[in-house]
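Down below is the structure, laid out as structure tokens.
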Amino acid sequence: MPRRLGVPISILLAILPFPARACECLSVYPICREVRSTDAVFIGVAESVQPKYLDYWRLANGVPKLPLEKLSRLRSQGALEELRALYLELSGDLPMQERTQLENAPTLRELEDSFNSIASGGVRTRFKVLKRYKLPQGDDDEEPESDDFTTVWSDSGDCGVHFQTGETYLVYADYDEETGRLKTSICYRTRRLADAGADLAFLYQYEKGGEATTRLEGFVTSKRDQDRPTYSDRIEAPVAGVVVGMTTPEGQHRFTASDAEGRFWFDGLVAGRYQLSAFGEGYPLRVRELAGPQGVQIPAKGCATEVLTVASRLPLQ
Numbered sequence: 000m001p002r003r004l005g006v007p008i009s010i011l012l013a014i015l016p017f018p019a020r021a022c023e024c025l026s027v028y029p030i031c032r033e034v035r036s037t038d039a040v041f042i043g044v045a046e047s048v049q050p051k052y053l054d055y056w057r058l059a060n061g062v063p064k065l066p067l068e069k070l071s072r073l074r075s076q077g078a079l080e081e082l083r084a085l086y087l088e089l090s091g092d093l094p095m096q097e098r099t100q101l102e103n104a105p106t107l108r109e110l111e112d113s114f115n116s117i118a119s120g121g122v123r124t125r126f127k128v129l130k131r132y133k134l135p136q137g138d139d140d141e142e143p144e145s146d147d148f149t150t151v152w153s154d155s156g157d158c159g160v161h162f163q164t165g166e167t168y169l170v171y172a173d174y175d176e177e178t179g180r181l182k183t184s185i186c187y188r189t190r191r192l193a194d195a196g197a198d199l200a201f202l203y204q205y206e207k208g209g210e211a212t213t214r215l216e217g218f219v220t221s222k223r224d225q226d227r228p229t230y231s232d233r234i235e236a237p238v239a240g241v242v243v244g245m246t247t248p249e250g251q252h253r254f255t256a257s258d259a260e261g262r263f264w265f266d267g268l269v270a271g272r273y274q275l276s277a278f279g280e281g282y283p284l285r286v287r288e289l290a291g292p293q294g295v296q297i298p299a300k301g302c303a304t305e306v307l308t309v310a311s312r313l314p315l316q
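Using numbering that gives the first Met the number 0, the letters of the sequence shown map in sequence onto residues 0 to 316.
What follows is the structure, given as structure tokens:
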């Protein structure tokens with residue numbers, strides 16, 4: 000009794016349009032915490048996506064028209080070499096260690112095991128780096144790359160980022176402790192550069208360095224009993240259009256307004272004790288304080304989160 004049908008099934012499962020299952024993210028950080036906590040943040044152009052049979056945007060033209068199941072059943076030496084050549088072709092530009100595994104596998108079973116192991120690693124995208132914010136060196140087991148290029152791995156399933164060759168991205172990634180590879184997913188803030196305007200605004204302050212690099216990311220809500228959104232960039236019962244005033248330790252005043260998701264933020268802050276207040280629409284011509292003053296301690300070169308709670312129905316104008 001065979002252990003499994005082998006790699007052909009893996010390939011078909013990766014290609015066939017089965018119903019998608021939603022990816023469940025344990026956390027989706029706000030911008031500041033994402034930048035501070037991830038190992039690598041950079042802007043880059045996706046130059047290649049490998050292997051081609053897992054490239055989301057090329058599946059329509061990338062399905063091999065070969066009898067893969069028949070090949071996997073054949074036991075002759077000729078079939079082994081034919082299957083090896085096919086797997087090497089499908090795998091594309093592999094890292095040297097993985098390519099050697101395929102080239103040297105002495106039996107059909109070991110060849111299929113090697114290919115399955117490689118396929119389970121997901122999709123690798125090679126980026127030409129245009130701007131780096133955080134990009135430490137990789138693990139010693141990985142092949143070194145020049146400062147202008149880096150490779151990022153992503154899952155081929157629902158949690159993977161479907162990079163497109165030629166598109167420019169803002170990439171957030173962490174080093175995988177087991178493989179030493181840079182990995183990202185849809186649970187990070189990785190996105191097309193054209194969609195990353197809010198992130199770039201914070202990264203401008205972050206890149207300047209110095210003491211005034213802390214961001215206060217806050218929310219206005221009408222629900223009192225809920226957890227602080229430490230591991231999320233959303234809050235329950237958000238309230239939009241609330242004017243939020245901040246008083247600095249030096250007595251200066253700054254103002255902003257909550258957006259449709261109840262979010263507000265202040266950038267370029269130094270460490271110290273600040274005061275927050277919430278006002279109704281029409282401020283400062285009409286002063287209607289909805290919450291506060293509320294003290295918040297801002298750390299040095301970090302991130303702070305604060306929640307302002309107002310009545311579910313704001314006072315009429």
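Glycine included, C-beta positions come from ideal geometry on N, C-alpha and C. Note that the structure is predicted; figures quoted are calculated from it, not measured.
For the beta strand (DSSP E) that contains residue i, what are its first and last residues?
i	result
Phe278	271-278
Asp173	167-174
Cys302	302-308
Phe254	252-256
Gln225	Looking at the DSSP string, Gln225 is not in any beta strand (DSSP E), and its letter there is neither H nor E.
Ser153	148-153
Leu181	181-183
Smallest Cα separation from residue i: which of the options?
i	options	result
Ser113	Arg123, Gly267, Leu82	Leu82
Trp264	Arg214, Glu80, Arg272	Arg214
Leu169	Glu176, Glu80, Leu289, Val160	Val160
Val128	Glu249, Val44, Glu102, Glu23	Val44
Ser47	Ala239, Thr212, Leu307, Thr124	Thr124
Arg253	Ala259, Arg35, Arg287, Ala277	Ala277
Lys300	Leu202, Arg233, Phe218, Cys24	Leu202
Ala239	Gly209, Ser155, Ala310	Ala310
Gly267	Thr99, Tyr187, Leu192, Tyr205	Tyr205
Ala321	Glu88, Ile297, Ala84	Here the chain has residues from 0 to 316 only, and residue 321 is not among them.
Ala104	Gly91, Leu289, Tyr86	Tyr86
Asp232	Ala197, Asp224, Gly208	Ala197
Trp56	Leu25, Gln225, Glu166, Asp224	Glu166
Glu33	Gly121, Cys186, Gly91	Cys186
Arg191	Ile42, Lys51, Glu23	Ile42
Gln96	Phe126, Thr178, Val286, Lys182	Thr178
Leu107	Leu25, Ala78, Val122, Glu88	Ala78
Gln49	Phe162, Glu88, Val122, Asp146	Val122
What residue range is occupied by the uninterrupted alpha helix (DSSP H) comprising residue i?
i	result
Leu199	196-207
Leu110	107-119
Glu33	30-36
Assuming residue i and residue j are in contact, meaning their beta carbons sit under 8 Å apart, how far apart are those beta carbons, in whole angstroms?
i	j	result
Leu275	Met245	6 Å
Thr304	Glu216	5 Å
Lys133	Asp194	Not quite, the Cβ-Cβ distance comes to about 20 Å (not below 8 Å), so this is no contact.
Cys158	Ser116	So it is not a contact: roughly 19 Å between Cβ atoms.
Val242	Leu307	Val242 to Leu307, Cβ: 11 Å. No contact.
Give me whichever residues DSSP pairs with residue i in a beta bridge.
i	result
Met95	According to DSSP, Met95 bridges with nothing at all.
Leu268	Thr213
Gly43	Val128, Tyr168
Arg190	Leu169
Gln49	Arg123
Arg233	None, per the DSSP bridge assignment.
Glu288	Phe278
Gly244	Phe254, Ser276
Thr220	Pro237, Thr308
Val295	Tyr273
Tyr83	One detail in the question is off: residue 83 reads as Arg in this sequence, not Tyr. Beta-bridge pairing links Arg83 to no other residue.
Phe263	Gly217
Determine the direct distance from the alpha carbon of residue j to that of residue i, and round the result to whole angstroms.
i	j	result
Pro29	Glu176	23 Å
Gln316	Gly281	Low local confidence applies: a pLDDT of 47 at Gln316 is under 50, so the model's placement there is unreliable, with the coordinate-based value given in what follows. When rounded, the distance between both Cα atoms is 8 Å.
Pro237	Pro292	19 Å
Arg131	Ser153	19 Å
Gln251	Cys302	20 Å
Glu141	Arg180	Only weak support exists for where Glu141 lies, its pLDDT of 49 falling under 50; the coordinates are left without a value.
Val40	Val27	16 Å
Pro248	Thr189	35 Å
Ala172	Arg35	12 Å
Ser9	Leu53	Summary for Ser9: the model assigns pLDDT 48, below 50, so the residue's position carries little reliability, and this model does not support an answer.
Gly279	Glu260	16 Å
Ser80	Ala200	The residue asked about is misnamed: residue 80 is Glu in this sequence, not Ser. Distance between the alpha carbons of Glu80 and Ala200 is about 54 Å.
Glu210	Val295	18 Å
Phe148	Thr164	14 Å
Thr212	Tyr273	15 Å
Ser155	Ser119	8 Å
Asp258	Leu110	55 Å
Leu93	Tyr174	19 Å
Gln225	Arg262	16 Å
Ala256	Ile234	16 Å
Ser90	Gly208	42 Å
Cys22	Cys31	23 Å
Lys222	Glu288	17 Å
Lys182	Ala290	42 Å
Arg319	Leu25	Nothing in the structure corresponds to residue 319, since the chain is present only between 0 and 316.
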